[in-house]
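Numbering (this note's numbering), first residue to last: 3 to 557.
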């Protein structure tokens with residue numbers, strides 16, 4: 003994240019700014035001997051300070067300003083000014099033209115004066131540094147430099163796959179590389195009667211990206227099985243695996259990419275789905291997923307509680323796992339024993355004990371949870387509450403001195419209590435243990451490259467259940483361009499509603515009140531619905547009314 007010149011000096015500065023204590027620094031210096039990282043990075047990883055606080059402190063310490071511009075859409079022309087090899091070695095990325103045509107370089111810390119002079123000669127102008135977090139810089143490097151790689155695929159013939167093994171390896175590598183550079187979350191390899199189709203899922207939707215000759219099907223699936231350490235000869239049973247993508251044939255430099263693999267027999271062969279997972283130990287910060295300041299503040303309060311259960315709800319694909327990993331990133335520190343039960347583990351995190359639960363093994367969420375309770379845990383994360391047994395153990399764990407984080411499939415926060423009671427939870431246990439519920443959805447962001455402002459229509463206002471809106475309510479809507487594949491949307495952001503359980507809501511739970519009564523009590527305490535959060539994001543030009551309606555409309 004941040005790279006100071008002398009870790010102990012910066013550590014002393016953090017103490018002077020009341021961000022960490024001297025005891026914290028002593029512990030961090032001890033950890034630093036085993037883990038060669040900078041004090042700023044360790045302080046954030048250990049949960050002793052927020053990434054934002056350390057970033058601002060380092061800015062004050064180094065006199066390098068924090069960059070507040072757009073880190074997602076950097077001009078390709080700017081990227082080309084500094085050679086990739088030099089930029090990567092110095093750990094910088096060109097981001098913007100400043101005053102008097104000055105070139106701003108995003109960095110995570112100080113850069114030697116001689117290197118800055120070289121950059122200035124190459125750019126033929128003055129260069130200056132601006133600070134970003136380590137997480138942001140890595141994301142920028144991946145997006146900026148990977149786009150220049152050639153991922154086009156050609157074949158000797160249209161009908162045969164009698165190519166050298168190197169050709170099959172190259173095809174697989176180019177498809178994975180293309181998916182990573184385009185920001186896809188999943189790659190689908192789908193055999194058909196006369197073609198082998200490749201589709202990517204991006205921003206929640208699938209689109210076709212490549213059509214290969216059907217004769218390539220078996221060879222490509224076999225290559226994926228080899229990478230995933232799966233049985234090549236087994237073609238009648240589903241198989242699951244994973245691998246780390248590091249190109250063997252392509253002469254490129256790219257950070258290691260973690261992939262989870264699922265193989266499924268279908269009519270015309272075997273289908274493979276590759277899930278692109280986040281890099282090791284790189285949970286998306288809660289500050290970056292779209293939570294409003296008041297929701298973020300209250301949610302962090304819940305995470306600081308010594309015991310109780312905090313639930314994140316929403317349908318599959320709504321970003322619940324991302325929120326949970328971000329939550330663990332906030333909580334983790336050396337003084338806590340944090341243990342998870344996941345199916346599967348999507349992101350490995352340093353300092354956290356993660357257990358993989360698989361249906362094929364003789365361990366379930368409930369039995370695994372009982373075992374964890376004998377491991378002296380402080381915080382437990384259960385990937386999903388799927389059955390009554392898991393629910394009962396989770397609730398009892400939360401009232402016996404443990405903070406439990408988990409997910410549940412419900413439409414909104416207030417209806418979660420009804421779902422818990424339906425699963426067999428007793429009202430008094432639910433009221434005593436549940437501290438808060440965060441419901442969420444993901445909406446697509448209006449493309450920043452082709453969006454134009456339009457007035458909102460009466461029909462849209464009606465569907466959003468709004469009236470008496472001033473004429474200044476305008477919508478930013480993408481027209482479609484090459485950047486967004488003519489979709490009008492690029493990227494996603496979360497919609498959130500947070501229901502804090504106060505004494506009044508506890509009494510309603512004990513009485514078995516329905517979700518409407520619980521909602522009314524929540525409104526008195528500042529609760530806002532997903533739709534309300536969506537409307538706020540429409541007002542800010544982040545998304546469109548139809549996107550909000552798509553994910554919040556009931557029935």
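Don't be surprised by glycine CBs; every beta carbon is placed ideally from N, CA and C.
Taking residue 436 as reference, the option from 272, 428 and 442 with the minimal CA-CA separation is 428. For residue 383, the pairing in a beta bridge is given by DSSP as 342 and 407.
By a beta-carbon distance limit of 8 Å, residue 330 contacts residue 383. Their separation comes to about 6 Å. Setting aside the 5 residues that flank it on each side, residue 201 is surrounded in the same chain by 190, 208 and 210, each with a C-beta closer than 6 Å to its C-beta; the list follows chain order. Residue 347 carries a coil assignment under DSSP once its states are collapsed to helix, strand and coil. Going by DSSP, residue 325 is part of the alpha helix (DSSP H) stretching over 322-333. By the 16-neighbour rule on beta-carbons within 10 angstroms, residue 234 is exposed.
Taking each of 401, 100 and 368 in turn and checking the Cα distance to residue 393, the smallest one comes out for 368.
CA-to-CA, the gap between residue 325 and residue 238 works out to about 36 Å. Using a C-beta cut-off of 8 Å, the region 296-316 makes contact with the region 406-422, since at least three inter-stretch Cβ pairs fall below that distance. Selection 28, 203, 404 and 341 evaluated against residue 50 yields 28 as nearest (Cα-Cα). With a cutoff of 9 Å on beta-carbon distance, residue 142 and residue 76 are scored as near each other. In chain order, 51, 55 and 59 place their CB closer than 6 Å to the CB of residue 21, counting only its own chain and leaving out the 5 sequence neighbours on each side. DSSP places residue 529 outside both helix and strand once states are collapsed to three, so it counts as coil. Setting aside the 5 residues that flank it on each side, residue 129 is surrounded in the same chain by 104, 105, 106, 107, 118, 121 and 122, each with a C-beta closer than 8 Å to its C-beta; the list follows chain order. Between residue 133 and residue 182 a beta carbon distance of about 26 Å is seen, past the 8 Å cut, so the two are scored as non-contacting. The residue among 292, 30 and 277 with its C-alpha nearest the C-alpha of residue 497 is 292.
Restricted to the region 389-445, the alpha helix (DSSP H) segments that are unbroken, complete and at least 4 residues in length are 390-400, 418-424 and 429-435, listed in chain order. Separation of the CB atoms of residue 185 and residue 446 is rounded to 12 Å, and the pair is thereby denied contact status at 8 Å. Nearest to residue 336 by alpha-carbon distance, out of 12, 13, 34 and 430, is 34. In this structure, residue 400 keeps its C-beta atom at 9 Å or more from the C-beta atom of residue 425. The beta carbon of residue 323 lies closer than 7 Å to those of 348 in the same chain, with the five residues before and after it left out. Contact between residue 265 and residue 187 does not hold, since their C-beta atoms are separated by about 18 Å, which reaches or exceeds 8 Å. Of the other Cβ atoms in all chains shown, 16 or more fall within 10 Å of the Cβ of residue 386; this residue is therefore buried. Boundaries of the beta strand (DSSP E) around residue 247: 241-247. Between residue 374 and residue 354, the gap from beta carbon to beta carbon reaches 9 Å or more. Our two residues, residue 100 and residue 127, have alpha carbons roughly 11 Å apart in a direct line.
If you ignore the 5 residues before and after residue 284, its C-beta comes within less than 8 Å of the C-beta of 137, 140 and 349, all in its own chain and listed in chain order. Spatial neighbours of residue 523 in its own chain (CB-CB distance under 7 Å, excluding positions within 5 residues in sequence) are listed in chain order as 506, 507 and 510. Distances from the CA of residue 379 to each of 309, 244 and 344 were compared; the closest alpha carbon is that of 309.
If you draw a straight line from the Cα of residue 395 to the Cα of residue 372, it comes to about 7 Å. No Cβ-Cβ contact shorter than 9 Å links residue 89 with residue 97. For residue 503, there is no enclosing alpha helix (DSSP H), as DSSP marks it with neither H nor E.
Here DSSP, grouped into helix, strand and coil, assigns residue 79 to helix. In the three-state DSSP reduction, residue 463 falls in the helix class (H, G or I). The Cβ atoms of residue 466 and residue 550 sit closer than 9 Å to each other.
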